[in-house]
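Trainee:
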Amino acid sequence: MTFAELLEQVGSMGRFQSIHVTLLVLPILLMASHNILQNFTAATPGHHCHIAIVANYTCDDNFTDLLYCQELLKISIPVDGNQQPEKCLRFISAQWQLLDPNATTTNGTEMDTEPCMDGWIYDKSVFTSTIITEWDLVCGSRTLKQMAQSIYMAGVLVGAIVFGSLSDKFGRKSLLIWSCLQMAITGSCAAFSSNFAMYCVFRFLTGMALSGINLNCVSLSVEWAPTKVRAAIGMVTGYSYSIGQFILAGLAYVIPDWRWLQLAVSVPYFIFFFYGWWFTESARWLATAGKLNQALKELQKVAQINGRKEEGDKLSVEDLRASLQKEMSAAKSTHTAADLVRTPSVRRVSWCLCFVWFSTSFAYYGLAMDLQNFGVSIYLIQVVYGAVDIPAKLIGFFMISFIGRRVTQASALILAGLAILANIFVPQDLQTLRILLAVFGKGCLAASFNCAFLYTGELYPTVIRQTGMGFVNTLARVGGIVAPLVQMTSEYLPSLPLIIYGAAPVVSGIATCFLPETRNMPLPDTIEDIERQRRSRVITDVGREDKVLLKASRLEPLKEII
């Protein structure tokens, strides 16, 4: 009897699975809020140098009020090529001659100017406070904004490595509970940071916790689900992340202060921490760890919740030992990250998934973290970005269920890359078309992420599944770290970032074609299962070739007659 058959005996999709998946997707709802939180907490409002009071001209220290002090702005702040006040320069001395209505407007940079020496004045009409206005991360310090996001993504990377391995050793449940607690504490502490360095440290730790939550929520939901509904669970998990983007847009609109917004998306994890103790540990993992007594208790607990207490009571440790002999033997050997490349089949899976995860994350965050450059309301574009996930993931779900994982993954990546590359040839004045292509590309990448989580969990065997998930998540976070840096290449060629963002998914889509299909296939438990499946596919392919050759040989006499 396999684990799938044991699961059917205690109830493969009953009340337990419904409650289990519902509680697991709740922490994922706010994951998007942390991943793209800096679109709002690190938004850069309009700003210019602080103006010292000159003569009898007085204005309140507020950008909105200063808009009515045109004379003071005109004599104190130079204008840029768009006739807007310069953000990082001011006149060394007041240019009174500019008040003459007959005076010719001159680009201020041709006059004597200096950097902002007394700070900046910010437009507070949209954001009352961000980390940009809090610590003046503009002009010479503007790169610190991207650094903060990269540090956060570095934390996600480290978390993927650390929690991926630890959950294979200590279980999914305990690491999920710890990750929720760490997220709640460090996320809340970030809101009380007194300086930028402290903020970055807490954001790094928050990123680590996010990886632990993500990895273990996916594993617990997949490992307690039968094969036939894994795609549906993957869709539910993906949609919870998409809904989280709507939640973030709504919260950011209602809470314009970055400290309160940071708290709003962090405190709920205390609730997730407390109810996390109810979660049932993966019986698959318990079996591979040799903890049969606890695995039996968990299976009986599931049977009772699903209304199959009698079937659960019939199970015994001896039955489990006989039924799960394969999982028990796997526990006798120690598995490390080296197992991801030790055998030919697993090595191919690992290499191909490297491309898939890196390029998906790389292109996704290249698009998702650049909302202010669209020239429309940042709240509106965030809602549109979240809304496109709904049809994209729904189409992806049907493709995953009826066509297959490999085709869905490859097509999503290639279409996303082509949409990004197409924007290179769209003129800047066709802003609507550029936004539509970007939104379409982002939707394809969201579908790619959704498929990748399910596909990866099915490709790696149980004994190294979390290690594998941690490994590919590492590559994804490297993509997230590198994505902001690619924007700097626009100084050499304006279209170069789009070329890089678009080429990566196309190459990865081609690499996906070398992965095996997993639709309607049982989850592999050991590395030997993977190799056995590869050999069976080879035998099947050889059989098909023999049949083709046999048919061709039978047609030879007919060819001679013709």
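So for the sequence shown, the numbering used here puts the first residue at 1008; every next one is plus one. Note that the Cβ used here is the ideal one computed from N, Cα and C, for glycine as well.
1. Going along the chain, which residues of its own chain have a beta-carbon closer than 6 Å to the beta-carbon of N1069, five neighbours each way excluded?
2. Taking only runs of the alpha helix (DSSP H) that begin and end inside the region 1018-1057, which ones reach a length of at least 4 residues, in chain order?
3. Could you give the DSSP three-state label for E1535: helix, strand or coil?
4. How far does the alpha helix (DSSP H) with R1349 in it extend, from its first residue to its last?
5. Please go through the same chain and pick out, in chain order, the residues whose beta-carbon is closer than 6 Å to the beta-carbon of T1193, but skip the five residues on each side of it.
6. Which residues share a DSSP beta bridge with I1128?
7. How far does the beta strand (DSSP E) with E1288 in it reach, from first residue to last?
8. Decide yes or no for the touch test of the region 1493-1501 against the region 1161-1172: beta carbon pairs closer than 8 Å, at least 3 of them.
9. List, from N- to C-terminal side, the alpha helix (DSSP H) runs of 4 residues or more that fit wholly inside the region 1370-1447.
10. Looking at C-alpha atoms only, which residue of R1291, A1375, R1179, P1275 is the closest neighbour of P1034?
11. Rounding to the nearest angstrom, what Cα-Cα distance links T1135 and C1187 in this structure?
12. Keeping to the same chain, check which residues put their C-beta closer than 6 Å to that of R1022; ignore five residues upstream and five downstream.
13. Around the C-beta of W1185, are 16 or more other C-beta atoms found within 10 angstroms, so that it is buried, or is it exposed?
14. Could you round the C-beta distance between S1040 and V1324 to whole angstroms and report it? I think they count as a contact, below 8 Å.
15. Which class does R1542 belong to by DSSP, given the choice of helix, strand or coil?
16. Roughly how many whole angstroms lie between the Cα atoms of M1020 and D1143?
17. Applying the 10 Å Cβ sphere with the 16-neighbour rule, what's the burial state of N1114?
18. Within 10 angstroms of its Cβ, does V1555 collect 16 or more other Cβ (buried), or is it exposed?
19. Out of V1229, T1533, P1351, M1205, point me to the one whose CA is closest to A1155's CA.
20. How about C1095 and P1052: do their beta carbons lie closer than 8 Å?
21. Looking at L1270 and L1258, is the spacing between their C-beta atoms short of 8 Å?
22. Less than 8 Å between the beta carbons of E1288 and K1180, yes or no?
23. In terms of residue numbering, what span does the beta strand (DSSP E) encompassing T1120 cover?
24. So, for R1423: in the same chain, excluding its five sequence neighbours on each side, which residues have a beta-carbon less than 7 Å away from its beta-carbon?
25. Rounding to the nearest angstrom, what Cα-Cα distance links V1133 and P1263 in this structure?
26. When the Cα atoms are used, what is the spatial distance from S1366 to G1486?
27. Report buried or exposed for A1345, applying the criterion of at least 16 other Cβ atoms within 10 angstroms of its Cβ.
28. Here's the rule I'm using: 16 or more other beta-carbon atoms within 10 Å means buried, otherwise exposed. How should S1148 be labelled?
29. Leaving out five residues on either side along the sequence, give the residues of the same chain with a beta carbon under 7 Å from the beta carbon of Q1473.
30. Buried or exposed for F1047, going by 16 or more other Cβ atoms inside 10 Å?
31. Considering only the alpha carbon of each residue, which of L1360, A1161, K1316 lies closest to G1464?
32. Sort R1097, D1125, P1491 by Cα distance to G1161 and report the nearest one.
33. If you compare alpha carbons, which of T1469, F1253, E1305 is closest to A1394?
34. Let's see if you can read the secondary structure: which residues bound the beta strand (DSSP E) around R1097?
35. Is the beta carbon of N1480 sitting closer than 8 Å to the one on G1245?
36. Strictly by DSSP, which residues pair up with P1092?
Mentor: Concretely, from the data shown:
1. As a position in the sequence shown, residue 1069 is number 62, starting the count at 1. Here N1069 scores only 48 on pLDDT, less than 50, and its place in the model should not be relied on; the value that follows carries that caveat. Closer than 6 Å at the Cβ level, and outside the excluded window around N1069, lies no residue.
2. 1022-1036, 1038-1042, 1045-1048, all fully within the region 1018-1057.
3. To locate residue 1535, count along the sequence shown from 1; it is residue 528. In this structure, E1535 counts as helix in the three-state DSSP scheme.
4. For this step, residue 1349 is matched to residue 342 along the sequence shown. Looking at the DSSP string, R1349 is not in any alpha helix (DSSP H), and its letter there is neither H nor E.
5. Within the sequence shown, the letter at position 186 stands for residue 1193. For T1193, where only same-chain residues beyond five positions count, the Cβ hits under 6 Å are F1209, L1212, T1213.
6. As a working note, residue 1128 is residue 121 in the sequence shown. Beta-bridge pairing links I1128 to H1055.
7. Mapped onto the sequence shown, residue 1288 falls at position 281. Note, E1288: premise wrong, no beta strand (DSSP E); not H, not E.
8. No contact exists between the region 1493-1501 and the region 1161-1172.
9. Taking only runs of at least 4 residues, the alpha helix (DSSP H) segments lying wholly in the region 1370-1447 are 1385-1394, 1396-1409, 1412-1429.
10. To locate residue 1034, count along the sequence shown from 1; it is residue 27. By alpha-carbon distance to P1034, the top candidate from R1291, A1375, R1179, P1275 is P1275.
11. Here residue 1135 refers to the residue found at position 128 of the sequence shown. Here residue 1187 refers to the residue found at position 180 of the sequence shown. Put simply, the backbone Cα of T1135 is about 29 Å away from that of C1187.
12. Walking along the sequence shown from the start, residue 1022 turns up at place 15. Result list for R1022: I1312, N1313, in chain order.
13. Numbered from 1 along the sequence shown, position 178 holds the residue referred to as residue 1185. Residue burial annotation: W1185 is buried, with at least 16 other C-beta atoms found within 10 angstroms of its C-beta.
14. Numbered from 1 along the sequence shown, position 33 holds the residue referred to as residue 1040. Numbered from 1 along the sequence shown, position 317 holds the residue referred to as residue 1324. With a contact defined as Cβ atoms closer than 8 Å, S1040 and V1324 miss out at about 44 Å.
15. If you number the sequence shown from 1, residue 1542 lands on position 535. Residue state, collapsed to three classes: helix.
16. To locate residue 1020, count along the sequence shown from 1; it is residue 13. To locate residue 1143, count along the sequence shown from 1; it is residue 136. Roughly 53 Å separates the two Cα atoms.
17. Locating residue 1114 in the sequence shown gives position 107, where the first residue counts as 1. Residue confidence is low: N1114 scores 48 on pLDDT, short of 50, so the model does not pin down where it sits. Its coordinate-derived value is still stated next. N1114 comes out exposed.
18. On the sequence shown, position 548 is the one that residue 1555 refers to. At V1555, the pLDDT of 49 sits below 50, so the modelled position is not reliable and the matter cannot be decided from this model.
19. By 1-based counting over the sequence shown, the position of residue 1155 is 148. For A1155, the closest of V1229, T1533, P1351, M1205 by C-alpha to C-alpha distance is M1205.
20. Counted from its first residue, the sequence shown places residue 1095 at position 88. Counted from its first residue, the sequence shown places residue 1052 at position 45. No, these two residues do not count as a Cβ contact at 8 Å.
21. Within the sequence shown, numbered from 1, the residue matching residue 1258 stands at position 251. Within the sequence shown, numbered from 1, the residue matching residue 1270 stands at position 263. Contact: no.
22. Here the question's residue 1288 lines up with position 281 in the sequence shown. Here the question's residue 1180 lines up with position 173 in the sequence shown. The answer is yes: Cβ separation under 8 Å.
23. One-based indexing of the sequence shown puts residue 1120 at position 113. It spans 1120-1122 - the beta strand (DSSP E) in which T1120 sits, taken as one unbroken run.
24. The residue given as residue 1423 occupies position 416 in the sequence shown. Just to set this straight, residue 1423 is Ala in the shown sequence, not Arg. Cβ within range, chain order: A1370, G1448, C1451, L1452, S1455, P1512.
25. Stepping through the sequence shown from its first residue, residue 1133 is reached at position 126. Stepping through the sequence shown from its first residue, residue 1263 is reached at position 256. As the crow flies, the alpha-carbon of V1133 is around 7 Å from that of P1263.
26. Here residue 1366 refers to the residue found at position 359 when the sequence shown is read from its first residue. Here residue 1486 refers to the residue found at position 479 when the sequence shown is read from its first residue. Each residue's Cα considered, the two are about 7 Å apart.
27. Position 338 of the sequence shown, counted from the start, is the residue given in the question as residue 1345. Here A1345 is exposed. Its C-beta has fewer than 16 other C-beta atoms within 10 Å.
28. Position 141 of the sequence shown holds residue 1148. That one is exposed.
29. Position 466 of the sequence shown, counted from the first residue, corresponds to residue 1473. Hits under 7 Å: G1171, S1174, D1175, L1222, S1226.
30. Looking up residue 1047 in the sequence shown gives position 40. It counts as buried.
31. Taking the sequence shown and counting its residues from 1, the one referred to as residue 1464 is at position 457. Nearest in C-alpha terms to G1464, of all of L1360, A1161, K1316, is L1360.
32. Start at 1 with the first residue of the sequence shown, and residue 1161 comes out as number 154. In the sequence as displayed, the identity of residue 1161 is Ala instead of Gly. Minimum Cα distance to A1161 is reached at P1491.
33. Position 387 of the sequence shown holds residue 1394. Nearest option by C-alpha distance: F1253.
34. Mapped onto the sequence shown, residue 1097 falls at position 90. R1097: member of the beta strand (DSSP E) spanning 1096-1098, first to last residue.
35. One-based indexing of the sequence shown puts residue 1480 at position 473. One-based indexing of the sequence shown puts residue 1245 at position 238. Their beta carbons are not under 8 Å apart, which means N1480 does not touch G1245 by this criterion.
36. Taking the first residue of the sequence shown as 1, we reach residue 1092 at position 85. According to DSSP, residue pairing for P1092 in a beta bridge involves V1086.
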